[in-house]
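Engineer: Using the numbering used here, you'd call the opening residue of the sequence shown number 21 and step up by one each time. Even glycine gets a Cβ: it sits at the ideal position worked out from N, Cα and C.
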Amino acid sequence: EGQVKGVLELASFERFNPTHQAFLDQLTESIGIVLNTIEANMRTEDLLKQSQSLAHELQSRQEELQNTNEELQEKARLLAHQNQEVESKNREVEQARQALEEKAKQLALTSKYKSEFLANMSHELRTPLNSLLILSDQLSKNADGNLTGRQTEFAKTIHSSGNDLLMLINDILDLSKIESGTVVVDVGEVRLDDLRGYVERTFRHVAEAKNVDFLLYFSPELPRSLFTDAKRLQQVIKNLLSNAFKFTHSGQVKLNVERADSGWDAGNESLNRAADVLVFSVSDTGIGIAPDKQQIIFEAFQQADGSTSRKYGGTGLGLAISRELSRLLGGEIRLASTPGRGSIFLLYLPQNYVSPRQARKATPASADGGDGQLAIGASRNNPVVPVMDSANGAIAEAAPLVNEAGDDREIIQPGDRVLLIVENDLGFARLLLDAARDKGFKGLVTSLGAAALSMASQYKPDALTLDIFLPDIEGWRVLERLKNDSLTRHVPVCVISTEEARERAFAAGALAFVAKPIKTRATVDRLLDDLREFLGTRKRNLLVVDPDPTWRERVVSSIDASDLQVTGVADGRAALQVLRARRMDCVVLPASLPDITPAALADELDREPAAGLSPVIVYGDGQAVADEDGGWKRLGRGCPVRSAHSPERLLDQASYFLHRRIDQLPEAKRKVLEGLHQSDQVLAGKRVLIVDDDIRNIFALSTVLEEHEMVIVAAETGREAIRILQEEQEVDIVLMDIMMPEMDGIDTMREIRKVPQLKGLPIIAVTAKAMKGDREKCIEAGAWDYLSKPVDTEQMLSVLRAWLHR
21 EGQVKGVLEL ASFERFNPTH QAFLDQLTES IGIVLNTIEA NMRTEDLLKQ SQSLAHELQS
81 RQEELQNTNE ELQEKARLLA HQNQEVESKN REVEQARQAL EEKAKQLALT SKYKSEFLAN
141 MSHELRTPLN SLLILSDQLS KNADGNLTGR QTEFAKTIHS SGNDLLMLIN DILDLSKIES
201 GTVVVDVGEV RLDDLRGYVE RTFRHVAEAK NVDFLLYFSP ELPRSLFTDA KRLQQVIKNL
261 LSNAFKFTHS GQVKLNVERA DSGWDAGNES LNRAADVLVF SVSDTGIGIA PDKQQIIFEA
321 FQQADGSTSR KYGGTGLGLA ISRELSRLLG GEIRLASTPG RGSIFLLYLP QNYVSPRQAR
381 KATPASADGG DGQLAIGASR NNPVVPVMDS ANGAIAEAAP LVNEAGDDRE IIQPGDRVLL
441 IVENDLGFAR LLLDAARDKG FKGLVTSLGA AALSMASQYK PDALTLDIFL PDIEGWRVLE
501 RLKNDSLTRH VPVCVISTEE ARERAFAAGA LAFVAKPIKT RATVDRLLDD LREFLGTRKR
561 NLLVVDPDPT WRERVVSSID ASDLQVTGVA DGRAALQVLR ARRMDCVVLP ASLPDITPAA
621 LADELDREPA AGLSPVIVYG DGQAVADEDG GWKRLGRGCP VRSAHSPERL LDQASYFLHR
681 RIDQLPEAKR KVLEGLHQSD QVLAGKRVLI VDDDIRNIFA LSTVLEEHEM VIVAAETGRE
741 AIRILQEEQE VDIVLMDIMM PEMDGIDTMR EIRKVPQLKG LPIIAVTAKA MKGDREKCIE
801 AGAWDYLSKP VDTEQMLSVL RAWLHR
């Protein structure tokens, strides 16, 4: 191309003829075409080379894509395989879940069968035990004096063996309830002096019988009391001391109670959080426990020597129960022992019990503006109300009482002031509850009289308001029952009813009365202020009137005025001056005053009603009070008037009106009152219907009640009991067994309550089941009270007296 261009350039300088010129032009054109063709071919060749390079690259890419595709296909195959494995695993998990659900159902069914078995076994064992214990106790007393000394010893042995069997049944039931989590702590104040007295009474004679020294040491630095479950604490200490005496043949057994700041497991949060911890150490100089046995002895049915040839008997349940109960109380038990030298068991407990739920609620959020109210597992706590049978230690955890008004039962703590509101009108009950909270009370509410009695026994309120018109029991019967029970007679009661009930309310022992309808909240506030002031007064005011100072001193001595503020005056006019100046909780007068008659005294008090609210006891001449013309009847229309013709009756009446706790009186005075209230006069001639399908129980109970001159009527079925009650209108009270064939006690009571004339008949449920919810089912069905088998005769008689007393 370069040469052609050179020739053409050279030719352009030569002069050619036209022919040559035309040729050159054609040649130039042809050469241009050729050159263009060559250039096009070169470009084509370049494009071809590029195309070949691109094709090669595309081929490479295709190979790469093919490889990638093969890899993806392999991964897809692997993924599909993994999906199959996952599906297989899912099927296995589903099968396992279904198997677990089936196991859970089987466990629930097994637990149900276990509970039913325990309930039925409890019934089956307690039913024959009931008659065995009652009759052997009656024989051992030899009331007719026709048994030899050897025969009475036989009866005592039978009774003792029956009690041992009962304790074994209770232990098994206790362990079962602990395992199922249905045992609830019943928190209350436990005075260490009382605990010391309990231990002394229980084990001093054991130590003397074994000729072993028994030492008690309560540190002077101890607080006066602790807040825990008294029954459970006693149960644990009793188990530990029983074991110590059992394995100690010489030397000593010692109980030490001191404060502790260490020694427990570092992981025990309940003890770590406690402000104060007490340690109860039970030490002995007995046989000791080998190191390899020190853990297994806390397992159920395990002993250090578990062979059939072992020297020491027992079931091995005591320590297992004690360990679980100590945990339930927020503490723990630790053991140190050397074989041949003795053992020491250390029970660590917080001074103030804190339930796990309270611990969970005790968070910073509740301290910066919340109400700060923490729930505990107390007897005042709602989730489960425990029913402790004081006669035999069996526990019957009751179902929750219905919380009709959203009351405070779940947030009550030890030391709180508690008001029990028994009110048929739920709207008014809520008003009372709100007012009580404003005055610093925690409130409990129920509309049922039977539930009120149960709650009064279990929650131990500080005061009570009582409506008279209740759907199940007349309020007067509730008040009677409260005031005739030594455990509740001290609780101040305010009756809220129509005006015509005022006189009867005060005569029945009410502290205060409010007439319905209540028009303003201020009336309720004044009532609660008065209750709060009364509860806050440490000493009650007693006025003794008589011109003879020696007589006044006798009165004070009879009443035991160590917890009273006593004012003594010589005549009626002086008494009036005192009554005008300040409220007296009780006034003791002689049958005649030197300067004023009862009628004139009544007139004076009518002019100043505030001075006439104090109850009056006329001491010395009961006939004078009964005399219609003596003026005392006139005085009785303005204030409660009762007579006392002996020092014992004076003590009883004064304690009644002064709302004194019988269990806190000196022992001598307490025994006097217990003797008065165990009188058979209340029972004599009363007709009691015993409903039980076991003739042995009817015979045993009849034997006891006939000795107290009661008239016995018996029925072996529920239907027969209903027939008897419909035909015989003179039955005073019913003892109703719960476990009966065809028509059980629950259904029988429901049918009885459907009969209008039988709605006011006291029915006491008697059951051997002692299982969860039993008590509340009985109350719901129409029972007014509850006893568990084996029936403790003294407890039964006490309940009968309380219901039959008028």
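Just confirm the distance between the C-beta atoms of residue 606 and residue 674, as a whole number of angstroms; I'd bet it's less than 8 Å.
Structural biologist: Within the sequence shown, numbered from 1, the residue matching residue 606 stands at position 586. Within the sequence shown, numbered from 1, the residue matching residue 674 stands at position 654. Sure, about 6 Å apart at Cβ, within 8 Å.
Engineer: Taking the alpha-carbon positions, what's the residue 697 to residue 808 distance?
Structural biologist: Here residue 697 refers to the residue found at position 677 of the sequence shown. Here residue 808 refers to the residue found at position 788 of the sequence shown. Spanning the two alpha carbons is a distance of roughly 22 Å.
Engineer: Where does residue 798 sit, in a helix, a strand or coil, going by DSSP?
Structural biologist: On the sequence shown, position 778 is the one that residue 798 refers to. In the structure shown, residue 798 sits in a helix (DSSP, three-state: H, G or I).
Engineer: Is it buried or exposed for residue 150, if we count other Cβ within 10 angstroms and need 16 for buried?
Structural biologist: Sequence index remark: in the sequence shown, residue 150 carries index 130 (1-based). With 16 or more other Cβ atoms within 10 Å, it is buried.
Engineer: Please go through the same chain and pick out, in chain order, the residues whose beta-carbon is closer than 6 Å to the beta-carbon of residue 818, but skip the five residues on each side of it.
Structural biologist: Counting from 1 along the sequence shown, the entry for residue 818 is found at position 798. Cβ within range, chain order: n/a, list empty.
Engineer: Can you tell me where the beta strand (DSSP E) holding residue 209 begins and where it ends?
Structural biologist: Here residue 209 is taken as the residue at index 189 of the sequence shown, counted from 1. Per DSSP, residue 209 belongs to the beta strand (DSSP E) from 208-211.
Engineer: Go ahead and pull the three-state DSSP assignment for residue 274.
Structural biologist: Start at 1 with the first residue of the sequence shown, and residue 274 comes out as number 254. The answer is strand: DSSP assigns residue 274 an E or B state.
Engineer: From residue 209 to residue 246, what distance separates their C-alpha atoms?
Structural biologist: Position 189 of the sequence shown, counted from the start, is the residue given in the question as residue 209. Position 226 of the sequence shown, counted from the start, is the residue given in the question as residue 246. Straight-line Cα distance between these residues: approximately 6 Å.
Engineer: With respect to the alpha helix (DSSP H) encompassing residue 479, which residues constitute its N-terminal and C-terminal limits?
Structural biologist: The residue given as residue 479 occupies position 459 in the sequence shown. Its alpha helix (DSSP H) spans residues 469-479.
Engineer: Could you give the distance in angstroms between the alpha-carbon of residue 187 and the alpha-carbon of residue 457?
Structural biologist: If you number the sequence shown from 1, residue 187 lands on position 167. If you number the sequence shown from 1, residue 457 lands on position 437. Roughly 43 Å between the two C-alpha positions.
Engineer: Is the region 519-536 touching the region 664-671, taking contact as three or more C-beta pairs under 8 Å?
Structural biologist: Segments in contact, no.
Engineer: For my contact list, residue 226 and residue 342 are in at a C-beta cut-off of 8 Å; report their separation, rounded to the angstrom.
Structural biologist: By one-based count along the sequence shown, residue 226 stands at place 206. By one-based count along the sequence shown, residue 342 stands at place 322. In fact, because the Cβ distance is near 18 Å, the residues do not count as touching under 8 Å.
Engineer: Using DSSP bridges, identify the partner residues of residue 502.
Structural biologist: Residue mapping note: residue 502 aligns to position 482 of the sequence shown, counting from 1. Note: residue 502 sits in no beta bridge, so no partner.
Engineer: What does residue 707 pair with, by DSSP beta-bridge criteria?
Structural biologist: For this step, residue 707 is matched to residue 687 along the sequence shown. DSSP output for residue 707 lists 731 as bridge partner(s).
Engineer: So what does DSSP say about residue 404, is it helix, strand or coil?
Structural biologist: Within the sequence shown, the letter at position 384 stands for residue 404. Confidence in residue 404 is poor, its pLDDT being 32 and thus under 50, which makes the residue's placement unreliable; the coordinate value appears in the next sentence. DSSP places residue 404 in coil when its eight states are reduced to three.
Engineer: Tell me the DSSP secondary structure of residue 677 in three-state form.
Structural biologist: Residue 677 sits at position 657 when you count from the first residue of the sequence shown. Three-state DSSP puts residue 677 in a helix.
Engineer: From the DSSP output, read off the bridge partner residues of residue 462.
Structural biologist: Numbered from its first residue, the sequence shown carries residue 462 at position 442. In DSSP, residue 462 forms a bridge with 438.
Engineer: In its own chain, which residues sit with a C-beta less than 6 Å from the C-beta of residue 393, not counting the 5 before and 5 after it?
Structural biologist: On the sequence shown, position 373 is the one that residue 393 refers to. With a pLDDT of only 27 at residue 393, under 50, the local geometry of the prediction cannot be trusted, and no value is derived from it.
Engineer: To which residues of the same chain is residue 308 closer than 7 Å at the C-beta, ignoring the five residues directly before and after it?
Structural biologist: Here the question's residue 308 lines up with position 288 in the sequence shown. Within the same chain, residue 308 has close Cβ partners 357, 358, 359, 360, 361, 362, 363.
Engineer: With DSSP as the reference, label residue 313 as helix, strand or coil.
Structural biologist: As a position in the sequence shown, residue 313 is number 293, starting the count at 1. Of the three classes helix, strand and coil, the one that applies to residue 313 here is helix, per DSSP.
Engineer: Please name the residue, chosen from 273, 272, 373, that lies closest to residue 297 on a Cα-to-Cα basis.
Structural biologist: As a working mapping, residue 297 is identified with position 277 in the sequence shown. For residue 297, the nearest C-alpha among the options comes from 373.
Engineer: Could you have a look at residue 352 and say whether DSSP puts it in helix, strand or coil?
Structural biologist: Stepping through the sequence shown from its first residue, residue 352 is reached at position 332. Note: residue 352 maps to strand in three-state DSSP.
Engineer: Thinking C-beta only, is residue 470 closer than 8 Å to residue 499?
Structural biologist: The residue you call residue 499 lines up with position 479 of the sequence shown. The residue you call residue 470 lines up with position 450 of the sequence shown. No, they are not a contact pair.
Engineer: Pick from 185, 156, 183, 190: whose alpha carbon is nearest that of residue 174?
Structural biologist: As a working mapping, residue 174 is identified with position 154 in the sequence shown. Looking at the Cα atoms, 156 is the closest of the given residues.
Engineer: Between residue 502 and residue 495, is the Cβ-Cβ spacing less than 8 Å?
Structural biologist: Taking the sequence shown and counting its residues from 1, the one referred to as residue 502 is at position 482. Taking the sequence shown and counting its residues from 1, the one referred to as residue 495 is at position 475. In this structure, residue 495 does not lie closer than 8 Å to residue 502 by Cβ.
Engineer: Just checking my contact of residue 481 with residue 439 at CB under 8 Å: how many whole Å lie between their CB atoms?
Structural biologist: Position 461 of the sequence shown, counting from 1, holds the residue named residue 481. Position 419 of the sequence shown, counting from 1, holds the residue named residue 439. Right, the Cβ-Cβ distance comes to about 6 Å (below 8 Å), so this counts as a contact.
Engineer: Taking 8 Å as the threshold (C-beta atoms), are residue 159 and residue 810 in contact?
Structural biologist: As a working mapping, residue 810 is identified with position 790 in the sequence shown. As a working mapping, residue 159 is identified with position 139 in the sequence shown. No, they are not a contact pair.
Engineer: What are the partner residues of residue 71, as DSSP defines its beta bridges?
Structural biologist: As a first step, residue 71 is located in the sequence shown; it is residue number 51 there, counting from the start. Answer by DSSP bridge pairing: none, since residue 71 is not bridged.
Engineer: Look up residue 288 in the DSSP assignment and say whether it is helix, strand or coil.
Structural biologist: Indexing the sequence shown from 1 puts residue 288 at position 268. Coil at residue 288, not helix or strand.
Engineer: At a cut of 8 Å, does the region 613-624 reach the region 647-667 through at least three beta carbon pairs?
Structural biologist: A contact exists between the region 613-624 and the region 647-667.
Engineer: Thinking C-beta only, is residue 544 closer than 8 Å to residue 484?
Structural biologist: In the sequence shown, the residue the question calls residue 484 occupies position 464. In the sequence shown, the residue the question calls residue 544 occupies position 524. Taking 8 Å as the Cβ cut-off, residue 484 and residue 544 do not qualify as a contacting pair.
Engineer: Between residue 772 and residue 798, is the Cβ-Cβ spacing less than 8 Å?
Structural biologist: Reading the sequence shown from its first residue, position 752 is the one you call residue 772. Reading the sequence shown from its first residue, position 778 is the one you call residue 798. No.
Engineer: With DSSP run on the structure shown, which of helix, strand or coil describes residue 612?
Structural biologist: As a first step, residue 612 must be located in the sequence shown, where it is residue number 592. If DSSP states are grouped into helix, strand and coil, residue 612 belongs with coil.
Engineer: Quick one: using the 10 Å Cβ neighbour count with 16 as the cut-off for buried, is residue 269 buried or exposed?
Structural biologist: Here the question's residue 269 lines up with position 249 in the sequence shown. By the 10 Å Cβ count, residue 269 comes out exposed.
Engineer: What residues match up with residue 487 in a beta bridge as DSSP calls it?
Structural biologist: As a first step, residue 487 is located in the sequence shown; it is residue number 467 there, counting from the start. The partner list for residue 487 (beta bridge, DSSP) reads 516.
Engineer: Could you give the DSSP three-state label for residue 578: helix, strand or coil?
Structural biologist: Residue mapping note: residue 578 aligns to position 558 of the sequence shown, counting from 1. Reduced to three states, the DSSP call for residue 578 is helix.
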